[in-house]
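Numbering (mature numbering (1 follows the signal peptide of the UniProt record, and there is no 0)), first residue to last: -26 to -1, 1 to 200.
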Amino acid sequence: MRLAPQPSAQPLRLLVLLLLTVGGITSPVLTPGCPDRCVCDDQLVVQCAGQHLTTFPVNLPLSTRQLIISNNRIVELPPLALNYLSDLVYLDCSNNSLTEISESTFGNLRKLAYLDLSFNTLVRIEDRTFGPLASLVMLRMTDNPALSEIHQDAFVDNAALQVLDVSRNNLTVVNITSLIALPALRSVGLSGNPWSCECENEDLCLWVHLEDFKFQDYEKYSFLLD
Ligand SMILES: *[C@@H]1O[C@H](CO)[C@@H](O)[C@H](O)[C@H]1NC(C)=O
Ligand SMILES: *[C@@H]1O[C@H](CO)[C@@H](O)[C@H](O)[C@H]1NC(C)=O
Ligand SMILES: *[C@@H]1O[C@H](CO)[C@@H](O)[C@H](O)[C@H]1NC(C)=O
């Protein structure tokens, strides 16, 4: 299926078509694109799941709002290609072979509300990686067996974040103070990590082990713990 042209793009499209027709060139260059092995619909959803892709799809419609590239073997999210998609709201990259995410990867995705990075091979998350994602509501980042480090300021700019799931990684510490500071956060998944319970990690251990531990605003939180 092809992506239908947006009504607002019609006058320009007709003009360009006219010019190219006059110039003797036929129109395939004007057809809105859809990447190989993906399905694009007129709701601006691009579905590329389970297509044995090893690289990020090229020729994505710039107006894409939902991009599903799960269940492939994609090794990298190229910042340049991704940041053209400034209307992206939903991005599912789960079950791929992503090992690192650069600090510029999500630089222009200010409307992104849902991000799934689960079932990859991420090792660490730097402090600026999620910074530009001002609209991010839900972040799933589970089942990355080597993910052992998330920078303490990784989520500091994600004021809209409501659900964070970092279950089943290789985390030993997480900065609880910076999580509690997130104004919209209501659910955190922490289970299945080798949490270290030493003094500097005391808050976390209270969260993980003490059922009767009370926060001032305890009602705000639900804990997805073992
Ligand atoms: C990951 O994707 C592969 C290939 O499509 C599939 O066989 C496997 O079941 C998927 N694993 C998960 C956890 O979804
Ligand atoms: C998990 O982290 C420990 C160090 O904390 C490391 O020795 C181990 O290799 C890591 N596991 C994986 C699967 O990377
Ligand atoms: C947690 O992060 C905050 C803000 O970056 C920092 O001030 C604090 O020292 C950190 N706490 C621990 C236990 O690392």
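Quick reminder that beta carbons are idealized off the backbone N, C-alpha and C, glycines included.
Every value quoted in this text rests on a predicted model; they were computed, and no experiment measured them.
query	result
Taking 7 Å as the limit between beta carbons, can you name the residues of its chain near Y58, skipping five residues before and five after?	L36
Within its chain, find whatever has a CB closer than 8 Å to the CB of I48; leave out the 5 residues flanking it on each side and keep chain order.	L27, T28, T29, F30, C67, N70, S71, L72
If distances are taken between C-alpha atoms only, which option among Q25, D10, G24 comes closest to L34?	D10
Of the choices I42, V63, R98, whose alpha-carbon is the least far from that of N82?	V63
Please give me, in chain order, every unbroken run of the beta strand (DSSP E) with length at least 3 that falls completely inside the segment 97 to 122.	112 to 114
Quick check on the contact list: which residues have their beta carbon closer than 6 Å to a heavy atom of ligand 1?	G24, N45, N69, F93
Using only the alpha-carbon positions, how far apart do L159 and D139 sit?	11 Å
Verify whether the separation of the beta carbon atoms of S109 and A128 is less than 8 Å.	no
Run the proximity test for N149: is its beta-carbon closer than 7 Å to any non-hydrogen atom belonging to ligand 3?	yes
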